[in-house]
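>
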Amino acid sequence: MKSDGQSTRATTVGITGHRAIPPAACRHVHAGLVTALRAAGHPNGADRRPLEVLSSLAIGADQLFAEVALAHGARLTAVLPSSDYEQTFDAGELVLFRRLLDRADRQIVMGHATVCDEAYYEAGTYIADHSDLVLAVWDGRPARGHGGTGEIVDYARRRGTPVSVIWKAGVVRDPA
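See below:
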C-alpha cells in the first residue's frame, strides 16, 4: 500500500478501484484493504465515531472493500451512479450487489436515470468529496473511460483528499 504521505486516520473512507482484479493480486489487495481500514481507526474506538465507508458496490474492488469493511464493523453508505444501476450487473453479480445494498446504512443515488460515464464520474467524485481518505485499488495506469479509477484518483489528489493506493507490484491488468 502506498499513500500520499498524509495521515491515514479517518472517520470516512471511500473506495475507487478496478472491476477486474487479476488473481495474482487478489490476496494482496484483500490484505491491503484490511490493513488500510485498521490504520484508519478502529470502527468502535472509544474516542471515535464508527467508521463510515463509501462504495458504489461495483463488482471487483468496490464490493471487496464493502465486504471487508462490514466484516470489521464499519457503516456502509452505497453511492449509486444512477437509478437503473442494477441493470449493469449480470444475474450472478446482482446477488452480491443486492446483499451488500441491503446491509448499507444509507443509499445515495446520483441524479441520473440511466447509467453513463458521467454518472460513474459523479459517483466517484462524490465519494472523494465526502471521504477523509480514498483507497484506490489501482494499477497506476490512466482511466479507461470517464469516471474510471485513474481519473477519480487524480480528482481526489487535486482536491487534497489523501489517497492510499493498493496494488501488487508487477501485476498487470488485462489490457482490454
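For the sequence shown, our numbering assigns the number 3 to the initial residue and increments by one for each residue that follows.
For each residue, glycine too, the CB sits at the ideal point set by N, CA and C.
1. Can you list, in chain order, the residues of its chain with a C-beta nearer than 6 angstroms to that of Glu153? Leave out the 5 residues immediately preceding and following it.
2. With the cut-off set at 8 angstroms, would you say Pro52 and Ala76 are in Cβ contact?
3. For Ala68, count neighbouring Cβ atoms within 10 angstroms of its own Cβ and tell me buried if that reaches 16, exposed if not.
4. Please specify which runs of the alpha helix (DSSP H), each continuous and at least 4 residues long, are wholly inside the segment 116-156, giving them in chain order.
5. Is Gly34 helix, strand or coil when you go by DSSP?
6. Can you name, in chain order, every residue of its own chain whose Cβ lies under 6 angstroms from the Cβ of Lys170, other than the five neighbours on each side?
7. Skipping 5 residues on each side, what residues in its chain have a beta carbon closer than 8 angstroms to that of Asp176?
8. Rank Tyr128, Gly94, Leu72 by C-alpha distance to the C-alpha of Arg105 and give the top, closest one.
9. What's the gap between the Cα of Ala115 and the Cα of Ser84?
10. Val139: which of Ser133, His132, Ile168 sits nearest, CA to CA?
11. Among Val15, Ala60, Asp107, Ser133, which one has its Cα closest to the Cα of Thr37?
12. Using 8 angstroms for Cβ pairs, my map puts Thr13 next to Asp134. What's the rounded Cβ distance?
13. In terms of alpha-carbon separation, which member of His20, Leu39, Leu103 lies closest to Gly62?
14. Locate the beta strand (DSSP E) running through His94, then write down its first and last residues.
15. How many whole angstroms separate the CB atoms of Asp64 and Ile110, which I take to be in contact at a CB cut-off of 8 angstroms?
16. Would you kindly work out how many angstroms separate the C-alpha atoms of Asp131 and Ala158, rounded to a whole number?
Considering the structure as presented:
1. Ala145
2. yes
3. buried
4. 119-131
5. helix
6. Ala27, His30
7. Ala22, Pro24
8. Leu72
9. 5 angstroms
10. Ile168
11. Val15
12. 6 angstroms
13. His20
14. The residue you asked about is not His; residue 94 is Gly in the sequence shown. Looking at the DSSP string, Gly94 is not in any beta strand (DSSP E); the run it does join, the alpha helix (DSSP H), is 93-105.
15. With a Cβ gap of about 14 angstroms, Asp64 and Ile110 do not count as contacting.
16. 7 angstroms
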